[in-house]
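Q: So for the sequence shown, my numbering puts the first residue at 94; every next one is plus one. Every residue, glycine too, gets a C-beta built ideally from N, C-alpha and C. The structure presented is a predicted model; accordingly, all values stated were derived computationally and were not measured. Before we start, here is the structure in question, set down as structure tokens.
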Amino acid sequence: MEASESTGTPWSKPEFAPAPESGTVSATAQSPKDANTAESDAFAERPEVYVGAAFAGGLVVAGLLRWIGR
Numbered sequence: 094m095e096a097s098e099s100t101g102t103p104w105s106k107p108e109f110a111p112a113p114e115s116g117t118v119s120a121t122a123q124s125p126k127d128a129n130t131a132e133s134d135a136f137a138e139r140p141e142v143y144v145g146a147a148f149a150g151g152l153v154v155a156g157l158l159r160w161i162g163r
């Protein structure tokens, strides 16, 4: 295998909007700490529901693939 001759990477850094002036706070800005609060994270309250739904979904997809394969 030969080394790539391009100097850039396929994954470049995204361009971000400029930061707001000091002293101002955006109403939509959230820190990662605020993103996983219990009141906004339904998975943290009842993870067994999601596990059961994933299992049932897997059975449905398996049945569909079996039906298509006939």
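Measuring straight from C-alpha to C-alpha, what distance separates G150 and E138?
A: Near 21 Å, if we compare the C-alpha coordinates of E138 and G150.
Q: Could I get the ranges of all uninterrupted alpha helix (DSSP H) runs contained in the stretch 137–162, with 4 residues as the minimum, in chain order?
A: DSSP runs (the alpha helix (DSSP H)) wholly in the stretch 137–162: 140–161.
Q: Measure the alpha-carbon distance for L158 versus S133 and round it to whole angstroms.
A: Computed Cα separation, rounded: 35 Å.
Q: For Y143, collect the residues of the same chain with a Cβ closer than 7 Å to its Cβ; drop the 5 residues on either side in sequence, then sort them by chain order.
A: Same-chain partners within the cutoff: F136.
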